[in-house]
Amino acid sequence: MNSTVPTAPAETTDPVQPPPPNKLKQALIFSVKLGLAVGLLIYVAKYKVTKEGVDELRKLFNSPVILIAAILSYSVQLTIGAQRLRILLKPQQVHLSYWTALRLTYLGAFFDTFMITAVGGDAIKAIYLARVAPREHRVEAVSVLLLDRLMGLIGLLALAVTVAALQFQRLQSHDETAWVIKWLLIVPGALLTGTMMLLSETVYLSTPMQFMLRVLPFGATLSRAYGSLQKFRDRPGVLFRAFLMSLIVHFFGVLTGYILILGMNGNAEMGPFFVALLICNFVCSFAPFAGIGVGQAVYGPLFKMIAGIENGWVLATVMQAAILIAKAPGFLAWLLSREAAHPGPTAATPLAPPADPAKIS
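Each residue of the sequence shown is one higher than the one before, counting from 18 in this note's numbering.
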């Protein structure tokens, strides 16, 4: 079905330029996030750390083969994620080279972890994506990042539901794990419903939605971005390919964890371990500082409850270390992007960002 969706008239100013930042607000947000991470780390260190856990942590950090295998496994996630971004951008008439998409993916991953600024990696990736996208399609390109994020979460939860279904009898037979079944129906159902509403022409054209888009700040830009996502309703093949890539991405995510848990004790049962790790990854995907602090607090009880594994904080800590190393090339991507956006001034040309994406691809 090809439907025509009205879009807002093009704005005379560049629609992707952000308003001046509120430095006090940024500092407060950053302080709250940092306080949460540090507070949870102190709690885990005081109440959850055991000598056995410290020994396991030391053993993993003294196992370079295990760490290298985990780093390589996680790096595969980023390389596949870059191709998923390219696929989702094509319907918006934005065609990036794989190298440019990979650079943006690493850049976003780097800022998600190191948090040099008070905003997350997706926001930083949006700024640099807008720089390499054609000017007339910048809003549409940036809007794809929301869909890319949703497809990643849907893939993660779909994999979790599939593995949990195979472990249904085990999970259902214990009171302490029976809740997993209920929430693995509620949360994916809510996320899928929200995604369908995002792509729904009926919701987009509804009177309340159009009213909100008129009165909200930057409403014309929001309406244009929202309207551009309606194209994907007529591109199910693109969404399906992105979904399949998300499944592969998160398979390598749990493989990364499984490599590390084998380095800890070598006897983790794969099914319950996958369920526990996928749930933990979902929770940590909303946490600042790449889940540092939150991961240590969440991994412990969930792995003990679902997979019978003690010292889950050890796995969280080593996974975060491996992921930090795997994301480190994002710093180089950031430097390259800054260099491309701000080439040295010459006598003939003023300092300005390039308009042609091919120049920095």
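Virtual Cβ for every residue (Gly too), placed ideally from N, Cα, C. Quantities reported herein were computed from a predicted structural model and do not represent experimental measurements.
Exercise. By Cβ distance, which residues of its chain are closer than 6 angstroms to Gly347, with the 5 residues on each side in sequence left out?
Worked result: Tyr123, Leu124, Ala126 and Phe127
Exercise. Going straight from the alpha carbon of Met214 to that of Leu230, what length do you get?
Worked result: 15 angstroms
Exercise. Going straight from the alpha carbon of Gly206 to that of Ile171, what length do you get?
Worked result: So the alpha carbons of these two residues sit roughly 10 angstroms apart.
Exercise. Which residue from Pro151, Val204 and Leu105 puts its Cα closest to that of Met168?
Worked result: Leu105
For this session: At 4 residues or longer, and completely inside the region 98-149: list those alpha helix (DSSP H) runs for me, N to C.
Result: 115-131 and 138-149
Problem set entry | Residue range of the unbroken alpha helix (DSSP H) whose run includes Glu157 | Arg155 to Leu183
Exercise. Leu162: buried (16+ other C-beta within 10 angstroms of its C-beta) or exposed?
Worked result: buried
For this session: Could you give the DSSP three-state label for Ile326: helix, strand or coil?
Result: coil
For this session: Give the secondary structure of Glu286 by DSSP, where H, G and I count as helix, E and B as strand, and everything else as coil.
Result: Glu286 falls in the coil class under three-state DSSP.
Exercise. Going by the beta-carbon positions, is the gap between Ile88 and Ala343 smaller than 7 angstroms?
Worked result: Closer than 7 angstroms, so yes.
For this session: Would you mind stating whether Ala314 and Val61 have Cβ atoms separated by less than 7 angstroms?
Result: Val61 sits close to Ala314, with the two beta carbons spaced by under 7 angstroms.
Problem set entry | Buried/exposed call for Val156, threshold 16 Cβ in 10 Å | buried
For this session: Using only alpha-carbon positions, find the residue among Ala181, Gly236 and Leu264 that is nearest to Phe290.
Result: Ala181
Exercise. For the alpha helix (DSSP H) that Gly236 lies in, which residues bound it at each end?
Worked result: Gly236 to Leu246
Exercise. Can you tell which of Tyr316, Ala345 and Leu341 has its C-alpha closest to the C-alpha of Val331?
Worked result: Tyr316
Exercise. Based on Cα-Cα distance, which residue from Gly280, Thr224, Val220 and Gln337 lies nearest to Asn298?
Worked result: Gln337
For this session: For Trp196, count neighbouring C-beta atoms within 10 Å of its own C-beta (all shown protein chains included) and say buried if the count is 16 or more, exposed if not.
Result: That one is exposed.
For this session: Indicate whether Ile97 and Met262 have their beta-carbon atoms separated by less than 7 angstroms.
Result: Against a cut-off of 7 angstroms, the Cβ pair of Met262 and Ile97 comes out as a contact.
For this session: Compare the Cα-Cα distances from Gly244 to each of Leu341, Ile276 and Leu222 and report the closest residue.
Result: Leu222
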